[in-house]
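All remarks here apply to the structure that follows.
Protein chains in written order, with the numbering used here: chain A, 2 to 112; chain B, -11 to 102.
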């Protein structure tokens, strides 16, 4: 079992729709959870992080964390073609500084 | 701030040659990470430093890989000898203990070993 699992996609949504990206992790002691966006040929850039159970909103983005079920998700409202990218879920385990990344979900927003 | 700086941006070399990748972290950041990204294996941590000291090098593939951080503003990742399977994008990232631990990535070095 991979430490951090994501559906590779592609996930295709029409412009203006809500895109839902999911991630599960195996280390129950994990403490911090991050979503990065990576455009083709570019480096990962942080979208948002979440530490506590529940929802965290930042503009069109909402991160959701459920530690009991060991999953974290990212919702993108009013999806735009410019949101088309690979979204990487990253987890920091207990007592660790380094992040473990999932393989990423490729999102395609159709105009 | 200039962000994390990496050089070279692209490197093409022949099998058996030595390759040196360079990274300048964001000023004031005390953690530095080296990652490798391939289609098959995704983004993998190779090694990370805290205050110039290597903390975890368990991701370094083998003895052909070595990394150093002689001071707070410079790190190198060296591959000697290089092999075709080392072809990947190598990212450097840095973070601050006081900055929500967010890692900021450099633009990466795209390495092709022929």
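Even for Gly, the Cβ is constructed at its ideal location relative to N, Cα and C.
Keep in mind it's a predicted model, so treat the numbers as computed, not measured.
- Its chain contains 36 and 37 as the residues whose beta carbon lies nearer than 7 Å to that of residue 43(B), once the 5 sequence neighbours on both sides are disregarded; these appear in chain order.
- Taking the CA atoms as reference points, residue 15(B) sits about 30 Å from residue 84(A).
- For residue 14(A), the uninterrupted beta strand (DSSP E) run begins and ends at 12 to 15, by DSSP.
- The Cβ neighbour count for residue 41(B), taken over all protein chains shown within 10 Å, is under 16; the residue is labelled exposed.
- As a beta-bridge residue in DSSP terms, residue 56(B) pairs with 64(B).
- Here residue 31(A) has 92 and 94 as same chain residues with Cβ atoms under 6 Å from its own Cβ, once five neighbours each way along the sequence are excluded.
- Per the Cβ contact rule, the region 58 to 67 of chain B is in contact with the region 7 to 21 of chain B (3 or more Cβ pairs under 8 Å).
- DSSP lists 72(A) as the bridge partner or partners of residue 67(A).
- Per DSSP, the continuous beta strand (DSSP E) segment holding residue 1(B) begins and ends at -2 to 1.
- Taking the beta carbon of residue 99(A) as reference, the chain B residues within 8 Å of it are 21, 33, 36 and 44, listed in sequence order.
- When the beta-carbon positions are compared, residue 98(A) and residue 19(B) come within less than 8 Å of each other.
- The three-state reading of DSSP puts residue 59(A) in strand, counting E and B together.
- When DSSP states are grouped into helix, strand and coil, residue 84(A) belongs to the helix group.
- Nothing from the region 6 to 27 of chain A brings a Cβ to less than 7 Å from some Cβ of chain B.
- No residue range can be given for residue 102(B), since it is assigned to no beta strand (DSSP E) and is classified by DSSP as neither H nor E.
- Residue 6(A) is bridged by DSSP to 25(A).
- Chain B places no beta carbon closer than 8 Å to that of residue 38(A), leaving this residue out of the contacts.
- Residue 44(B): member of the beta strand (DSSP E) spanning 41 to 44, first to last residue.
- Taking a beta-carbon distance threshold of 8 Å, residue 93(A) counts as an interface residue toward chain B.
- Here residue 52(A) is not bridged, per DSSP, to any residue.
- Every candidate alpha helix (DSSP H) stretch fails here, since none sits fully inside the region 8 to 50 of chain B while reaching 4 residues.
- Of all alpha-carbon atoms in 62(A), 43(A), 40(A) and 4(A), the one lying nearest the alpha-carbon of residue 50(A) is that of 62(A).
- In the structure shown, the three-state DSSP call for residue 73(B) is helix.
- Residue 7(A) and residue 105(A) have their C-alpha atoms roughly 6 Å apart.
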